[in-house]
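Visitor:
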Ligand SMILES: Nc1ncnc2c1ncn2[C@@H]1O[C@H](COP(=O)(O)OP(=O)(O)OP(=O)(O)O)[C@@H](O)[C@H]1O
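In full-length UniProt numbering, the protein residues as written are 1 to 263.
1) If I follow the unbroken alpha helix (DSSP H) through residue 44, where does it start and stop?
2) State the start and end residues of the unbroken alpha helix (DSSP H) segment that holds residue 122.
3) Count the other CB atoms within 10 Å of the CB of residue 205; is the residue buried (16 or more) or exposed (fewer)?
4) State buried or exposed for residue 53, treating a residue as buried only when at least 16 other CB atoms are found within 10 Å of its CB.
5) Determine the direct distance from the alpha carbon of residue 263 to that of residue 4, and round the result to whole angstroms.
6) Taking the alpha helix (DSSP H) that residue 236 belongs to, which residues open and close that run?
7) Pick helix, strand or coil for residue 96, following the three-state DSSP scheme.
8) In three-state DSSP terms, what is residue 249?
9) List the DSSP bridge partners of residue 222.
10) Could you compute how far the alpha carbon of residue 18 sits from the alpha carbon of residue 145?
11) Under 6 angstroms Cβ to Cβ from residue 208, same chain only, skipping five residues before and after it: list those, please.
12) Pull up the distance between the alpha-carbon of residue 176 and that of residue 183, whole angstroms please.
13) Tell me whether the segment 142 to 156 and the segment 81 to 88 touch, counting them as touching only if at least three CB pairs, one residue from each stretch, are closer than 8 angstroms.
14) Three-state secondary structure (DSSP) at residue 155?
15) The beta strand (DSSP E) spanning residue 199 covers which residue range?
16) Using a threshold of 7 angstroms, is the CB atom of residue 202 nearer than that to any non-hydrogen atom of ligand 1?
17) So, with DSSP's three-state summary, where would you put residue 38?
18) Can you give me the C-alpha to C-alpha distance between residue 98 and residue 116, rounded to a whole angstrom?
19) Note down the Cα distance separating residue 199 from residue 174, rounded to an integer number of angstroms.
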């Protein structure tokens with residue numbers, strides 16, 4: 001299996017502080033990684049490096065076989081799908097849901113040209129259907145609920161047929177039903193052998209869908225644990241990562257975690 005992402009001794013330093021601190025990490029084709037860590041740990045910074053939008057201060061980053069600094073990122077970026085708040089904020093609120101997904105095929109955020117290929121429109125409709133958004137095709141993006149917006153963003157990220165899919169807190173802000181609906185859909189995607197390699201940042205182990213294979217735990221910019229989820233997602237590692245005693249359990253393919261009562 002070839003490397004989808006390879007970080008060697010990568011640091012991102014801002015104002016004298018290492019937000020990402022000497023991280024070495026390798027993601028192979030077909031793996032689905034969860035990135036866990038407390039607020040401010042450096043998860044989004046790491047995802048920004050993987051997306052090629054942020055260059056490291058030190059170390060070497062290779063994404064889909066191309067080393068940052070030696071490749072034209074404008075050729076690399078269409079191969080990476082990104083769903084996160086930073087992208088959602090850039091999209092015009094007046095655009096319809098269908099247009100929002102369709103523009104991704106042309107590397108645009110706005111609809112400059114109404115003349116889209118029929119085949120692209122069919123693809124956009126199919127991805128939206130897979131994410132349960134068929135009833136919202138003509139709704140303006142700005143009027144969507146948080147959950148509907150998240151599902152639209154994932155459909156949009158899939159539109160370019162990416163080799164690597166980056167999801168930044170896809171379930172943040174969703175109610176219980178919305179979260180479970182999204183986890184089911186992410187589970188279907190994660191278990192699809194032809195789906196892209198995936199990296200998902202999350203705060204909660206409850207948001208890990210079946211099909212995710214690996215976990216990276218990060219604290220204060222440093223990797224605490226990285227490897228197969230069944231081996232590394234332990235109470236000991238999670239407690240170290242979040243800095244308090246936690247118990248993690250797995251039942252029927254899903255994870256839960258809770259703190260221990262104060263003595
Ligand atoms: N441009 C910057 N200059 C200085 N500090 C920054 C900059 N960008 C991010 N930081 C800091 O770097 C740290 C890591 O930020 P990052 O957004 O990667 O964390 P995170 O793990 O995604 O956090 P959260 O879970 O709260 O979203 C934070 O302390 C943040 O304040």
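The beta carbon of each residue, even a glycine, is placed where N, CA and C say it ideally should be.
Note that this is a predicted model, so its numbers are computed, not measured.
Guide: In terms of the structure at hand:
1) 43 to 50
2) 118 to 130
3) buried
4) exposed
5) 45 angstroms
6) 235 to 242
7) strand
8) strand
9) 219
10) 36 angstroms
11) 34 and 255
12) 10 angstroms
13) yes
14) helix
15) 197 to 202
16) no
17) coil
18) 12 angstroms
19) 19 angstroms
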